[in-house]
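FYI, in numbering that gives the first Met the number 0 the residues of the sequence shown are 0 to 393.
All C-beta atoms, glycine included, are put in the ideal place defined by N, C-alpha and C.
Quick notes on the structure that follows.
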Amino acid sequence: MSRSPVRHLSAEQLARDLAVRDLTDPAAGPHALQLLVERAATALAERWSCPVRVHRGERAVTVADNYDHLNYRADDVTRDARYTRYVDDRRMLRSHSSALVPGALRALAAEGAGAPESVLLVCPGLVYRRDSIDRLHSGTPHQLDLWYLTRRPSPTGPDDLTGMIAALVAALLPGAAYRTEERVHPYTLAGRQLDVAAGGGGPVDGGGAAGGDDGWVEVAECGVAHPGVLAGAGLGPEWSGLALGMGLDRVLMLLKGVPDIRLLRSTVPAVAAQLTDLAPYRPVSALPAVRRDLSVAVDGADLAEDLGDRVRDALGADAECVESVEILSATPCRDLPPQALARLGARPEQQNLLVKVVLRPLGSTLTDADANVLRDRVYAALHQGAAHQWAATP
């Protein structure tokens with residue numbers, strides 16, 4: 000894939016992104032995600048009888064800490080401007096909580112002989128991702144990195160990783176069925192992906208059986224900490240460790256039975272009051288959904304993640320009204336009949352997407368006129384043809 004031109008965030012875009020509340024930060028008010036972080040840290044600290052160090056850092060990090068210091072290749076596709084929000088030539092909005100880890104490792108290395116024999120580094124925070132719009136995905140999710148570092152004579156290895164995974168699942172999702180699969184990560188060896196069984200968007204049942212259409216939900220990636228990452232931060236060969244990065248939003252949704260990721264930020268009193276503890280979520284009366292199907296022409300091989308980013312950028316705060324954006328079909332425009340090409344104002348090299356948009360604000364009901372206005376704003380953000388089909392009355 001050819002590289003997209005590097006685009007820097009405008010001052011307006013940067014201010015908007017930095018204004019998003021980090022639900023893991025107690026300074027911004029209490030939230031259940033903070034209880035998850037505390038529960039995870041406590042379970043692992045007790046397992047290894049080690050101190051805990053919480054490292055938050057800035058949301059705008061160096062490109063080096065987000066990529067280079069975690070062993071990402073210089074030509075890695077994730078560096079592309081389609082996936083990364085660049086602030087300038089050397090800084091970006093962190094795309095994963097792992098971007099906080101190099102700074103935490105350097106701080107540990109700076110202690111030299113005064114560093115503890117073992118330590119648990121806890122790096123929680125909001126991150127900025129290119130992602131689709133649906134009930135499980137957000138462009139600003141919350142993640143948690145947990146890195147256990149030790150200089151004990153017996154280095155950590157895959158068996159220790161297995162124990163770490165079991166301890167975390169038991170602490171955060173007791174009784175849940177889970178599985179791991181081999182994965183390759185630049186900052187780990189013997190990497191794994193952790194999936195948890197889920198059913199229909201509700202909580203995992205007591206026996207841990209999967210149900211509904213969801214099957215397995217990915218919640219974390221982990222592995223043995225790569226020696227090159229530790230050495231690059233200034234830690235000597237006597238150090239070894241385990242590295243785990245977790246999607247906090249998904250874990251909380253599984254634990255409480257929250258059906259839609261947008262609810263985690265809801266200001267509706269009946270919802271917000273339930274998001275300061277870890278008790279099961281009690282459904283609030285669902286407002287009716289409004290569906291709009293769009294036929295659009297796009298220039299490239301756009302995926303749901305591309306559409307999600309463009310809708311969020313175009314709608315701003317009103318993007319919270321969009322429950323999902325789903326590509327139903329994709330057809331090369333060269334295969335369309337002439338009348339369809341004319342209706343879209345499309346060029347043969349473009350592709351025609353049929354897109355399902357579901358609108359459902361969390362706190363109010365949409366009128367048909369309001370839905371058409373939102374539909375047209377989404378359509379304008381997605382359609383790249385020369386002709387337009389508007390729904391709202393001018």
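So, for serine 363: in the same chain, excluding its five sequence neighbours on each side, which residues have a beta-carbon less than 8 Å away from its beta-carbon?
Excluding residues within five positions, the ones whose Cβ falls inside 8 Å are Leu286.
On the criterion of 16 or more Cβ atoms from any shown chain inside 10 Å, does proline 129 qualify as buried, or is it exposed?
Per the sequence shown, the amino acid found at residue 129 is arginine instead of proline. Counting Cβ neighbours within 10 Å, arginine 129 comes out buried, since at least 16 surround it.
Does at least one heavy atom of the ligand GTP sit under 8 Å from the Cβ of aspartate 144?
By its list of ligands, the structure shown contains no ligand whatsoever, and the ligand GTP lies outside what it can speak to.
Report yes if the CB atom of histidine 54 is closer than 9 Å to the CB atom of alanine 106, and no otherwise.
It is a contact, given that the beta carbons lie within the stated cut-off.
In terms of residues, what are the limits of the beta strand (DSSP E) holding arginine 93?
Element bounds for arginine 93: n/a, residue is neither H nor E.
What is the rounded straight-line gap between the Cα of leucine 143 and the Cα of glycine 124?
Cα to Cα, the separation comes out at about 7 Å.
Quick check on the burial criterion: 16 or more other C-beta atoms within 10 angstroms. Buried or exposed for alanine 316?
Under this definition alanine 316 is an exposed residue.
Would you mind giving the Cβ-Cβ distance between valine 216 and alanine 189, rounded to the nearest angstrom? I have them listed as a contact below 8 Å.
Their Cβ separation, rounded to whole angstroms, is 23 Å, which puts valine 216 and alanine 189 out of contact at 8 Å.
Run through DSSP, which three-state label would isoleucine 132 get?
Reduced to three states, the DSSP call for isoleucine 132 is coil.
Do you know offhand how far glycine 199's Cα is from leucine 135's?
Residue placement at glycine 199 is poorly supported in this model, since its pLDDT is 34, which falls under 50; the coordinates still yield a value, given next. Going by the C-alpha atoms only, they are around 12 Å apart.
State the Cα-Cα distance for the pair asparagine 351 and asparagine 371, rounded to the nearest angstrom.
The alpha-carbon atoms of asparagine 351 and asparagine 371 are separated by roughly 21 Å.
Within 10 angstroms of the Cβ of glutamate 220, are there 16 or more other Cβ atoms? Answer buried if so, exposed if not.
Label assigned to glutamate 220: buried.
From what residue to what residue does the beta strand (DSSP E) around glutamate 181 run?
Where glutamate 181 is concerned, the enclosing beta strand (DSSP E) stretches over 177–181.
Should threonine 266 be labelled buried (16 or more other beta-carbon atoms within 10 Å of its own) or exposed?
Classification of threonine 266: exposed, given that the 10 Å Cβ count is below 16.
For the alpha helix (DSSP H) containing asparagine 371, list its first residue and its last residue.
Start and end: 367–381.
Please determine if the region 258–273 and the region 176–183 are in contact, where contact requires at least 3 C-beta pairs separated by less than 8 Å.
No, the region 258–273 is not in contact with the region 176–183.
Who are the near neighbours of glycine 102 in its chain, counting only those whose CB is closer than 7 Å to its CB and skipping five residues on each side?
Around glycine 102: His54, Gly56, Asp64.
Hey, leucine 373 and leucine 314: beta-carbon distance below 9 Å or not?
Yes.
Going by DSSP, what residues sit across from glutamine 350 in a beta bridge?
Beta-bridge pairing links glutamine 350 to Val297, Pro331.
With distances taken Cα to Cα, identify the nearest neighbour of glutamine 383 among Ala391, Ala345, Val377, Leu358.
Comparing Cα-Cα distances from glutamine 383 to each of Ala391, Ala345, Val377, Leu358, the minimum goes to Ala345.
Measuring CB atoms only, is the region 289–297 touching the region 106–123, in the sense that at least three cross pairs come out at less than 8 Å?
Too few Cβ pairs lie closer than 8 Å, so no.
Keeping to the same chain, check which residues put their C-beta closer than 7 Å to that of alanine 166; ignore five residues upstream and five downstream.
If we look at alanine 166 and ignore the five residues flanking it on each side, its Cβ neighbours are Ala42, Leu43, Arg46.
Taking its Cβ as the centre, do 16 or more other Cβ atoms sit within 10 Å of glycine 206, making it buried, or is it exposed?
Any answer about glycine 206 is weak, because its pLDDT of 30 lies below 50 and its placement is not dependable; what the coordinates show is given next. Flag for glycine 206 reads exposed.
If contact is defined by three or more beta carbon pairs under 8 Å, each pair taking one atom from either stretch, is the region 324–339 in contact with the region 234–248?
The answer is no - the region 324–339 does not touch the region 234–248, with fewer than three Cβ pairs under 8 Å.
Is it buried or exposed, tryptophan 146, if we count other Cβ atoms within 10 angstroms and call 16 or more buried?
So tryptophan 146 counts as buried.
Counting C-beta neighbours from all protein chains within 10 Å, is the total for glutamate 348 16 or more, i.e. buried, or is it exposed?
It is exposed - the Cβ of glutamate 348 has fewer than 16 other Cβ atoms within 10 Å.
In or out: serine 9 buried (at least 16 other Cβ within 10 Å) or exposed?
With fewer than 16 Cβ atoms within 10 Å of its Cβ, serine 9 is classed as exposed.
Please name the residue or residues paired with leucine 107 in a DSSP beta bridge.
DSSP, once it has assigned bridges, lists no residue as partnering leucine 107.
Under three-state DSSP, which class holds methionine 0?
Caution is warranted here: a pLDDT of 45 is assigned to methionine 0, below 50, making its placement in the model unreliable, and the coordinate value is therefore given only provisionally. Methionine 0 falls in the coil class under three-state DSSP.
By how many angstroms is the C-alpha of leucine 302 removed from the C-alpha of leucine 327?
Their backbone Cα atoms lie some 11 Å apart in a straight line.
How far does the beta strand (DSSP E) with arginine 52 in it reach, from first residue to last?
First-last of the beta strand (DSSP E) with arginine 52: 51–53.
What number of angstroms, rounded off, separates the C-alpha of asparagine 395 from the C-alpha of tyrosine 186?
Since the first residue shown for the chain is 0 and the last is 393, residue 395 is missing from the structure and cannot be characterised.
Measure from the alpha carbon of alanine 368 to the alpha carbon of each residue in Ala385, Leu361, Ala380, Trp389, then state which is nearest.
Checked all of Ala385, Leu361, Ala380, Trp389; the closest Cα to alanine 368 is Trp389.
Which of the three DSSP states is assigned to leucine 263 in this structure?
Looking at leucine 263 - three-state DSSP - the assignment turns out to be helix.
Under 9 Å, do leucine 99 and valine 36 count as touching if we go by C-beta distance?
No; because the gap between Cβ atoms is not below 9 Å, this pair is not in contact.
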